[in-house]
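A.B. asks: Below is the structure I would like to discuss, written out as structure tokens.
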Amino acid sequence: MIAPATLTTEIETSMTTYRVLLVDDHPGFRRGVASLIGDEAEFTVCGEASNASGALDAMRRLKPDVAVVDISMPGINGIELLKMMRAEQPHLNVLILSMHDESVYALRALRAGAKGYIMKAESLECLVTGLRKVAAGEIYVSPKFSTRLIFKAIQSPTGETSSPVDQLSDRELEVLQLLGKGYGTREIAEQLHLSVKTVEAHRANIKRKLQLKGAPELVRYAVRWVESHQ
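Counted the way the working numbering counts, the sequence shown spans residues 17 to 246.
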């Protein structure tokens, strides 16, 4: 007969521990997530990064099982980083944890190879649940968004949408969203850690892709689009 102490030790030893890499440009937020994950026996934070370059370096050195990645970061955004990470390590499971509305970015993230998408406004319990699902190789989004995806698939068998905004790159979509929230070009540049010239180029591309004639029409379109996604 196995002694109780031995049985407990064997159970603990058999539990899989997933190594987690945190990628977010806010140190305080990373500390909060690391503390939360640290309370869960099956996870250990193996590294942190504040930008794409640091994330790629940490991924190569530390070989994490899961990466928790924010979308809005200096330079290369989270979805582009996701593509780069998955290109190098196809088996890496990535959970996007973002302030952006999942109705706007979740489908883009999943198509880019993410296993899950959680808004930062969700409860901490959702983060732990999502992390467990993603670590196991399963897909995780909120139940509410799952329903939206089902309806979208029913309405469009190919999984594509007919919205003109779908033509925009991930960064252009971020710029459009901030324009709709009332940010000016310089404020957007500061928010996204880009140069004013780069933001102006994104604005020009958005106008061209959406066939908008000028800045006022662009701003009106952005405001209406943001209001329709609240």
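By construction, the Cβ of each residue, glycine as well, lies at the ideal position given by its N, Cα and C atoms.
All figures in this text were calculated on a predicted structure; none of them were measured in a lab.
Can you list, in chain order, the residues of its chain with a C-beta nearer than 8 Å to that of Cys-142? Leave out the 5 residues immediately preceding and following it.
C.D. replies: Around Cys-142: Ile-134, Ser-158.
A.B. asks: How about Leu-78 and Arg-35: are their beta carbons less than 8 Å apart?
C.D. replies: The answer is yes: Cβ separation under 8 Å.
A.B. asks: Using beta-carbon positions only, say whether Leu-111 and Met-101 come within less than 8 Å of one another.
C.D. replies: Taking 8 Å as the Cβ cut-off, Leu-111 and Met-101 do not qualify as a contacting pair.
A.B. asks: I'd like the list of long-range same chain contacts for Thr-177, defined as Cβ closer than 6 Å, with 5 residues on each side in sequence excluded.
C.D. replies: Legend: pLDDT at Thr-177 = 49, less than 50; position of this residue unreliable, value from coordinates given subsequently. So no residue of the chain qualifies.
A.B. asks: Using the rule of at least 16 other Cβ atoms within 10 Å of the residue's Cβ for burial, across every protein chain shown, is His-245 buried or exposed?
C.D. replies: Under this definition His-245 is an exposed residue.
A.B. asks: Less than 8 Å between the beta carbons of Val-150 and Val-82, yes or no?
C.D. replies: Their beta carbons are under 8 Å apart, which means Val-150 touches Val-82 by this criterion.
A.B. asks: Would Gln-183 and Leu-194 qualify as a contact pair, given that the criterion is a beta-carbon distance under 8 Å?
C.D. replies: No; because the gap between Cβ atoms is not below 8 Å, this pair is not in contact.
A.B. asks: List the endpoints of the continuous beta strand (DSSP E) containing Val-82.
C.D. replies: Element bounds for Val-82: 82 to 85.
A.B. asks: In terms of residues, what are the limits of the alpha helix (DSSP H) holding Ala-122?
C.D. replies: Counting along the chain, the alpha helix (DSSP H) containing Ala-122 begins and ends at 118 to 128.
A.B. asks: According to DSSP, is Ala-238 helix, strand or coil?
C.D. replies: If DSSP states are grouped into helix, strand and coil, Ala-238 belongs with the helices.
A.B. asks: If you reduce the DSSP assignment to three classes, tell me which class Ala-65 lands in.
C.D. replies: If DSSP states are grouped into helix, strand and coil, Ala-65 belongs with the strands.
A.B. asks: Where does Met-115 sit, in a helix, a strand or coil, going by DSSP?
C.D. replies: Three-state result, Met-115: coil.
A.B. asks: Taking the alpha-carbon positions, what's the Val-84 to Val-215 distance?
C.D. replies: In a straight line, the C-alpha of Val-84 is about 27 Å away from that of Val-215.
A.B. asks: Considering only the beta carbon of each residue, do Leu-37 and Ala-74 sit closer than 8 Å?
C.D. replies: Yes; because the gap between Cβ atoms is below 8 Å, this pair is in contact.
A.B. asks: If we count the other Cβ atoms within 10 Å of its Cβ and call it buried at 16 or more, is Arg-127 buried or exposed?
C.D. replies: So Arg-127 ends up on the exposed side.
A.B. asks: Among the residues of its own chain, which have a CB less than 7 Å from the CB of Val-235, if the five just before and after it don't count?
C.D. replies: Excluding positions up to five away in sequence, the list reads Leu-195.
A.B. asks: Report the CB separation of Arg-240 from His-218 in whole angstroms; it is logged as a contact under 8 Å.
C.D. replies: Not really, about 19 Å apart at Cβ, beyond 8 Å.
A.B. asks: Tell me the residue span of the alpha helix (DSSP H) that contains Leu-143.
C.D. replies: Note, Leu-143: alpha helix (DSSP H), 140 to 151.
A.B. asks: Would you call Leu-140 buried or exposed, if buried means 16 or more other Cβ atoms sit within 10 Å of its Cβ?
C.D. replies: By the neighbour-count rule (16 or more Cβ atoms within 10 Å), Leu-140 is not buried but exposed.
A.B. asks: Should Lys-136 and Met-115 be called a contact, given that it needs their Cβ atoms to be closer than 8 Å?
C.D. replies: Yes, they are a contact pair.
A.B. asks: Counting along the chain, where does the alpha helix (DSSP H) carrying Gly-132 start and finish?
C.D. replies: Segment 132 to 135 is the beta strand (DSSP E) holding Gly-132; no alpha helix (DSSP H) there.
A.B. asks: According to DSSP, what are the bridge partners of Arg-35?
C.D. replies: The partner list for Arg-35 (beta bridge, DSSP) reads Thr-60.
A.B. asks: By a C-beta neighbour count over all protein chains shown, 10 Å radius and 16 as the cutoff for buried, is Lys-160 buried or exposed?
C.D. replies: Classification of Lys-160: exposed, given that the 10 Å Cβ count is below 16.
A.B. asks: Leaving out the 5 sequence neighbours to the left and right, which residues in its chain are closer than 6 Å to Gly-63 when beta-carbon positions are compared?
C.D. replies: Cβ within range, chain order: Leu-37, Ala-74, Leu-78.
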